[in-house]
Amino acid sequence: MHRSAPRLTRILACAAVPVMLVVAGCSSDSGDKKEADSSASASPDATKSEPAVEAAKFAELPDPCSAVEAKTVTSLVPSAKSKNGTRSKSSDASVRTGCSWNGLADKGVKGSQYRWLDVGFTRFASDQTLGSGAARAGEEFDKQVKKSEATDGAKNVATGSVSGIGDQATKIAYDQSKTDEDFRFTTIVARTGNVVVVVNYNGAGYAGSKTPDAETILTGATMAAKDAVAAVADANAKTDASPKASDKASDKATDTASDDSSKKPSKKPSSSAKAAS
Numbered sequence: 009m010h011r012s013a014p015r016l017t018r019i020l021a022c023a024a025v026p027v028m029l030v031v032a033g034c035s036s037d038s039g040d041k042k043e044a045d046s047s048a049s050a051s052p053d054a055t056k057s058e059p060a061v062e063a064a065k066f067a068e069l070p071d072p073c074s075a076v077e078a079k080t081v082t083s084l085v086p087s088a089k090s091k092n093g094t095r096s097k098s099s100d101a102s103v104r105t106g107c108s109w110n111g112l113a114d115k116g117v118k119g120s121q122y123r124w125l126d127v128g129f130t131r132f133a134s135d136q137t138l139g140s141g142a143a144r145a146g147e148e149f150d151k152q153v154k155k156s157e158a159t160d161g162a163k164n165v166a167t168g169s170v171s172g173i174g175d176q177a178t179k180i181a182y183d184q185s186k187t188d189e190d191f192r193f194t195t196i197v198a199r200t201g202n203v204v205v206v207v208n209y210n211g212a213g214y215a216g217s218k219t220p221d222a223e224t225i226l227t228g229a230t231m232a233a234k235d236a237v238a239a240v241a242d243a244n245a246k247t248d249a250s251p252k253a254s255d256k257a258s259d260k261a262t263d264t265a266s267d268d269s270s271k272k273p274s275k276k277p278s279s280s281a282k283a284a285s
């Protein structure tokens, strides 16, 4: 009896060893399986990527002071101070640019006619984070329409779509009193691809001359807008630059292509042709 007890103890101890090894082995297999399952479930997300945004259609902007044809400028602003226009300030003309013309036609005892024309361009590049150039231009298009409709002091505001100008276009017509005279305004906001074009045309009669009628101002603005949109296509047809998928320059803060206050004369123009020049 005394000899068999130690022998029984040794047998039980040896029998216990395989059991512990089996348990340990099962635990190790379980951990490996969980880790493998985790890796398998994560792999689809790791390989998933967002689709590339549509490339921007236009990579260049036209020379703004040449964008409206010379004959159009002569017709709309017959007594322009500068036939070549006045270029607007911009920190990056490849992204935002503009030009304006104004003049007073002195008709002697029949009074005088004042005219103002300006055109502005804003280009949007495609960006993986911000979206396609066309979509971003569409957002800017909506902002410019709302901005024109909310012009301070505007009366009789009328908004409508315009066909035949770019991918989409809207006209905003209104009246406004400045320098003790009644002005007629028409703004046309157009989008062509990833570029937004804004044209402002207005006029007033001085010294007894009548205010131009709404149809005259609308017709003039439409002529200038068609020239400007065509100029965007021409500028890109003449370059070898291909559209870019992303362009950080489009996100730089730039100066406004045309200041709201510049649409109206700061003081009453003189009725003399000499003073107007």
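Each number in my numbering comes from the position in the sequence shown (counting from 1) with 8 added on. Think of the CB as a built atom: it goes at the ideal place given N, C-alpha and C, for glycine as much as any other residue. Quick caveat, the model's predicted, so the values are computed rather than measured.
The beta-bridge partner set that DSSP reports for E58 is empty.
A101 places its beta carbon 9 Å or farther from that of L125. F193 and I225 have their C-alpha atoms spaced approximately 7 Å apart.
Relative to the Cα of K151, the nearest Cα in the group A88, V197, N92, G216 belongs to V197. In the structure shown, the three-state DSSP call for D183 is strand. Nearest to K186 by C-alpha distance, out of V207, A212, S57, is A212.
In the structure shown, A238 adopts helical secondary structure according to DSSP, grouped into three states. Note that the C-beta distance between A215 and G119 is below 9 Å. From the listed residues F66, V127, V204, the smallest Cα separation to L84 is found for V127. In this chain, the alpha helix (DSSP H) harbouring S74 covers 72-75. Linking W109 to F129 through their CA atoms gives a straight-line distance of about 15 Å. Counting other Cβ atoms within 10 Å of its Cβ, A158 stays below 16 and is therefore classed as exposed.
Bridge pairing for I196: K179, V207 [DSSP].
One alpha carbon belongs to K65, the other to V103, and they sit about 14 Å apart. In the structure shown, S134 falls within a coil segment according to DSSP collapsed to helix, strand and coil. By the criterion of a C-beta distance shorter than 6 Å, V81 is surrounded in its chain by W109, once the five residues flanking it on both sides are discounted.
Apart from sequence neighbours up to five positions away, the residues of its chain that approach S140 with a beta-carbon distance below 6 Å are V61, E62, S134, ordered along the chain.
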